[in-house]
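Numbering (the numbering used here), first residue to last: 428 to 743. The structure appears right after this line, and notes come after that.
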């Protein structure tokens, strides 16, 4: 099954709740203020979630990604961002017992049980803020573009090698009546994804989280994210049984089987928590996300850590 690795503006980055200040998209920085973010993420894919929601331990893999992003507020309402991840991916297995052939769906990049690496997809984002007070509302448009024509079939790959256009709205509310340190925010985004073999594979992503400032410098957060794929292929409740690898669920032809890694109907629930600590000129952030359910997706977890370096006019 394919990796769900993408960029932060939507650093879906595994659909993960990032603890970076860049993820607080409902509120925007003042004009002429920007930041450079460097983040490191490890994703441990511990198995596959089948169409019926059951989990099998086969097909484990590991990803390690370095994400670079710069964000700049052109005005008090309009900002732009650009980022790209460098991804390391490795198929873990487990390998079959001696004398038993490898499953037919494995690719050469998986069979070596070695690290594959490379630049994944560029992400370009433009945001426009409508409200930026106790209630915040910000709209955004993002474009994802593969950095090169990289391999996308198998577990040890850096991405899906597909173009996509995303539109999103972020809403936030400071809960001053309860505590001036408490806020909630949510995001909805819709991605129009490049079609392959005339199979629609668009998706919706929904995130809700709460933020609490323990001190003036330390903020904690927690929340849940949901992905719904509109289209894609279901792979049923068992792997292929024929040497050819197909039929496998709705991958009923050689062409569909060859593309199944990036055409899955990948639906999931992720639950995460993290914190951000602000120094005078640097924000440090850490988050942990557990993959708690879904269908035609991965089971696993993700850990993210990084720092954001502001530039431009002094912070208020």
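Heads up, the beta-carbon is just placed ideally off N, CA and C, and yes, glycines get one too. Since the model is a prediction, treat every value here as computed from it, not as a measurement.
Could you give the distance in angstroms between the alpha-carbon of residue i and the alpha-carbon of residue j?
i	j	result
residue 631	residue 664	24 Å
residue 640	residue 551	30 Å
residue 565	residue 655	22 Å
residue 559	residue 454	6 Å
residue 617	residue 705	31 Å
residue 479	residue 518	24 Å
residue 574	residue 496	14 Å
residue 541	residue 472	15 Å
residue 754	residue 546	No statement about residue 754 is possible, as the shown extent of the chain runs from 428 to 743 and does not include it.
residue 477	residue 689	16 Å
residue 674	residue 691	14 Å
residue 369	residue 683	Residue 369 cannot be examined here, being either before or after the span of the chain that is shown, 428 to 743.
residue 662	residue 604	48 Å
residue 629	residue 492	24 Å
residue 716	residue 591	24 Å
residue 736	residue 687	39 Å
residue 450	residue 544	Residue placement at residue 450 cannot be trusted, given a pLDDT of 47 that sits under 50; what the coordinates show is reported in the next sentence. Their Cα atoms are separated by approximately 26 Å.
residue 494	residue 714	14 Å
residue 707	residue 623	48 Å
I'd like to check one pair, residue j with residue i: are the Cβ atoms closer than 9 Å?
i	j	result
residue 606	residue 633	no
residue 677	residue 660	yes
residue 499	residue 460	yes
residue 696	residue 718	yes
residue 582	residue 685	no
residue 777	residue 595	As displayed, the chain neither begins before 428 nor continues past 743, which places residue 777 out of reach and without an answer.
residue 627	residue 600	no
residue 521	residue 487	yes
residue 458	residue 501	yes
residue 593	residue 570	yes
residue 548	residue 511	yes
residue 700	residue 648	yes
residue 572	residue 579	no
Using a Cβ-Cβ cut-off of 8 Å (strictly less than) and excluding sequence neighbours within five positions of residue i, which residues of its own chain qualify?
i	result
residue 608	639, 640, 641
residue 726	472, 473, 474, 475, 476, 482, 718
residue 503	455, 457, 458, 556, 559
residue 658	626, 627, 628, 629, 692
residue 576	588
Could you pull the start and end residues of the beta strand (DSSP E) that residue i belongs to?
i	result
residue 495	487 to 500
residue 471	460 to 476
residue 591	591 to 601
residue 452	Counting along the chain, residue 452 falls outside any beta strand (DSSP E), and DSSP gives it neither H nor E.
residue 553	548 to 559
residue 676	No beta strand (DSSP E) holds residue 676; DSSP gives it neither H nor E.
residue 703	694 to 705
residue 510	505 to 520
Output the boundary residues of the alpha helix (DSSP H) element that contains residue i.
i	result
residue 737	It is not in any alpha helix (DSSP H) - residue 737 instead sits in the beta strand (DSSP E) that spans 724 to 739.
residue 662	Segment: none, residue 662 is in no alpha helix (DSSP H) and carries neither H nor E.
residue 681	681 to 686
residue 572	Taken as a continuous stretch (DSSP letters only), residue 572 belongs to no alpha helix (DSSP H), being part of the beta strand (DSSP E) at 562 to 573.
residue 536	535 to 538
In chain order, what residues of the same chain have a beta carbon less than 7 Å from the beta carbon of residue i, not counting five sequence neighbours either side?
i	result
residue 635	613, 650, 651
residue 645	702, 704
residue 694	654, 655, 656, 721, 722, 723, 724
residue 733	447, 464, 465, 466, 467, 712
residue 739	459, 460, 461
residue 610	599, 600, 601, 602, 638
residue 679	673
What does a CB cutoff of less than 6 Å around residue i pick up in its chain, not counting 5 residues either side in sequence?
i	result
residue 505	555
residue 553	507, 568
residue 484	474
Whole beta strand (DSSP E) elements within the stretch 614 to 658, 3-residue minimum
628 to 640, 645 to 658
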